[in-house]
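*Asks:* Be aware that the sequence shown starts at -6, since it is given in my numbering, and climbs by one per residue.
Here you go, one structure.
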Amino acid sequence: MVPVMSLPLVDAGPIVGRAPGKIILFGEHAVVYGRPALAVPVTEVQATATVTPAPAGSGLVLWAADLGQEGRLRDAGPDQPLAKIARLALDWLGLADPDWRLAVRSSIPIAGGLGSGAAVSAAIVRALAGAAGRPAPPDIVSGLVYEVEKLHHGTPSGVDNTVIAYEQPVYFVRGRLPAPLAIGAPFTLAIADSGIPSPTRLAVGDVRRAWQAGPAPFEALFDAVARVVESARSAIVEGRPAQLGALMDANHRLLAEMGVSCPELDALVAAARAAGAAGAKLSGGGRGGNMIALVGAGTARQVAEALRRAGAARVIITSVGGRPSPTSALSGPQ
Ligand code: PMV
């Protein structure tokens, strides 16, 4: 164990770890069954974790600022997500229970398909690693966050922790090294929150039960999703984003057939299309949470307004590939 007294934190002042949100462009649910998915970071929302010194003997104190909850790590149960990721990170760092206060904040809506749980976990790993003077590389962040994703998701594919830890667009297949997704030409998305919290594990569990009851139709749906994902990957890499609209529509239909859409998401998708979006789909676990729509410079504002009128709790406009991503640590085939 590293002696806590010698850690660089005390001189360095507050150490902040950050992580963006994420959105799945194509392939959710089918990705749990080995098919590919495409996902991108969303930097308009983020989680932060800040480490400052705490009184001697207190051990790690966790302060969930948004919830107004504070507690000592040593008193937290094994399945408490913030405590679990803090313990995993401290183990990786070889630290027992340092006298630090860890304040966690997030602007990412909870249970909305924007990866809030994974982002909070990644920010905590980065903050603790920064405080210990040993920055955590993306593969380590991703692996530790995955362990906590199991609490949120049951059987996570690993796509959330991957895109959030690497902070880059990814082409993801479960069990394989993530591949970076090169953006041939930037494109713009409207991300609308249905305002319905939807824990991913429920939708994932329902799909699993339906697949177990009748695997053949679900395997066919997953294969159809995989074809959409491969077409979308080519369109993105080769700079033909206009083709993504029809592919989003196709992916949404397949997700609806899997039973993970809901009337509110269908209404947002229809409203976006009626207002000029080139295509739209639910994103993430479904049954609530977020949807995305492909918009252009001329349609972004009117689509955002139509989404709000159709009941969206919040709309984010984000550019994919419009500016360099903060890190570029991924490597692998394109
Ligand atoms: O609801 P989200 O955005 O956390 O994404 C879940 C994505 C699923 O494919 C439904 C599940 C998974 O583990 O990949």
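For glycine and all other residues, C-beta sits at the position ideal for the given N, C-alpha and C.
If you're wondering where the values come from, they're calculated on a predicted model, not measured in any experiment.
Give me whichever residues DSSP pairs with G10 in a beta bridge.
*Replies:* Locating residue 10 in the sequence shown gives position 17, where the first residue counts as 1. G10 is bridged to A42.
*Asks:* Tell me whether E257, by its Cβ, gets closer than 6 angstroms to a heavy atom of ligand 1.
*Replies:* As a position in the sequence shown, residue 257 is number 264, starting the count at 1. Incorrect: E257 has no Cβ contact closer than 6 angstroms to ligand 1.
*Asks:* From the DSSP output, which residues share a beta bridge with Y164?
*Replies:* Within the sequence shown, numbered from 1, the residue matching residue 164 stands at position 171. In the DSSP output, where bridge partners are listed per residue, Y164 has L31 and A172.
*Asks:* Tell me the rounded alpha-carbon separation between M(-6) and L83.
*Replies:* In the sequence shown, counting from the first residue as 1, residue -6 sits at position 1. In the sequence shown, counting from the first residue as 1, residue 83 sits at position 90. Low confidence applies here, because M(-6) scores a pLDDT of 43, under 50, leaving its location unreliable; read the following figure in that light. When the Cα atoms are used, M(-6) and L83 turn out to be separated by approximately 10 angstroms.
*Asks:* At a threshold of 6 angstroms, does S135 count as lining ligand 1 (C-beta to nearest heavy atom)?
*Replies:* Numbered from 1 along the sequence shown, position 142 holds the residue referred to as residue 135. S135 Cβ: outside cutoff for every heavy atom of ligand 1.
*Asks:* Check each candidate in V308, G105, P102 and V134 and name the one with the smallest Cα separation from I117.
*Replies:* Counting from 1 along the sequence shown, the entry for residue 117 is found at position 124. Among V308, G105, P102 and V134, the Cα nearest to that of I117 is on V134.
*Asks:* Along the beta strand (DSSP E) that carries A57, what are the first and last residues, could you check?
*Replies:* Stepping through the sequence shown from its first residue, residue 57 is reached at position 64. Per DSSP, A57 belongs to the beta strand (DSSP E) from V54 to A57.
*Asks:* Check whether the Cβ atoms of L55 and L86 sit closer than 7 angstroms, and answer yes or no.
*Replies:* As a working mapping, residue 55 is identified with position 62 in the sequence shown. As a working mapping, residue 86 is identified with position 93 in the sequence shown. Their beta carbons are not under 7 angstroms apart, which means L55 does not touch L86 by this criterion.
*Asks:* Return the Cβ separation of V25 and V197 in integer angstroms, given the expectation that the two are a contact with Cβ distance under 8 angstroms.
*Replies:* On the sequence shown, residue 25 is found 32 positions in, with the first residue counted as 1. On the sequence shown, residue 197 is found 204 positions in, with the first residue counted as 1. The pair is a contact, with the Cβ atoms about 6 angstroms apart (cut-off 8 angstroms).
*Asks:* Rounded to whole angstroms, what's the CA-CA distance from V313 to W93? Just pull it up for me.
*Replies:* Translated into positions along the sequence shown, residue 313 becomes position 320. Translated into positions along the sequence shown, residue 93 becomes position 100. Taking the straight line joining both Cα atoms gives about 37 angstroms.
*Asks:* Comparing C-alpha positions only, which one of P173, A175 and A111 sits nearest to S150?
*Replies:* By one-based count along the sequence shown, residue 150 stands at place 157. Comparing alpha-carbon positions, the option among P173, A175 and A111 lying closest to S150 turns out to be A111.
*Asks:* Identify the residues that DSSP records as bridge partners of W204: which are they?
*Replies:* For the purposes of this step, residue 204 is identified with residue 211 of the sequence shown, where counting begins at 1. BP columns for W204 are empty, so no partner.
*Asks:* Inspect the beta-carbon positions of A299 and I310 and report whether they are closer than 7 angstroms.
*Replies:* Translated into the one-based positions of the sequence shown, residue 299 becomes position 306. Translated into the one-based positions of the sequence shown, residue 310 becomes position 317. Result no, Cβ atoms of A299 and I310 do not sit closer than 7 angstroms.
*Asks:* Curious, which full-length alpha helix (DSSP H) runs of at least 4 residues does the segment 74 to 124 contain?
*Replies:* 74 to 86 and 109 to 124
*Asks:* Measuring from the CB of H22, is there a heavy atom of ligand 1 at a distance below 6 angstroms?
*Replies:* The count along the sequence shown starts at 1 and reaches residue 22 at position 29. Yes, Cβ of H22 sits closer than 6 angstroms to a heavy atom of ligand 1.
*Asks:* Take V230 and list the residues in its own chain whose beta-carbon comes closer than 6 angstroms to its own, dropping the five residues that flank it on each side.
*Replies:* In the sequence shown, residue 230 corresponds to position 237, counting from 1. Cβ neighbours of V230 beyond the five flanking positions: A175 and G177.
*Asks:* Since I believe G281 is in contact with V255 (beta carbons under 8 angstroms), could you give me their beta-carbon distance rounded to a whole number of angstroms?
*Replies:* Locating residue 255 in the sequence shown gives position 262, counting from the first residue. Locating residue 281 in the sequence shown gives position 288, counting from the first residue. The sequence as given places Cys at residue 255; Val does not occur at that position. Between G281 and C255 the Cβ distance is about 6 angstroms, and since that is below 8 angstroms, they are a contact.
*Asks:* Going straight from the alpha carbon of V38 to that of A158, what length do you get?
*Replies:* As a first step, residue 38 is located in the sequence shown; it is residue number 45 there, counting from the start. As a first step, residue 158 is located in the sequence shown; it is residue number 165 there, counting from the start. A direct Cα-Cα distance of roughly 15 angstroms separates V38 from A158.
*Asks:* I'd like the span of the alpha helix (DSSP H) that includes E63, first residue to last.
*Replies:* Start at 1 with the first residue of the sequence shown, and residue 63 comes out as number 70. First-last for E63: Q62 to R65, but that is the beta strand (DSSP E), not the alpha helix (DSSP H).
*Asks:* Would the beta-carbon of V25 be found less than 6 angstroms away from any heavy atom of ligand 1?
*Replies:* Numbered from its first residue, the sequence shown carries residue 25 at position 32. Yes; taking the cut-off as 6 angstroms, the Cβ of V25 has a heavy atom of ligand 1 nearer than that.
*Asks:* Within a Cβ cutoff of 8 angstroms, which residues of the same chain sit near D90, ignoring the five residues on either side of it in sequence?
*Replies:* Numbered from its first residue, the sequence shown carries residue 90 at position 97. So the list reads G52, L53, L66, R67 and L83, once near-sequence residues are dropped.
*Asks:* Please return the same chain residues whose Cβ sits closer than 7 angstroms to the Cβ of G315, not counting the five positions on each side in sequence.
*Replies:* As a first step, residue 315 must be located in the sequence shown, where it is residue number 322. Closer than 7 angstroms at Cβ, skipping near neighbours: P179.
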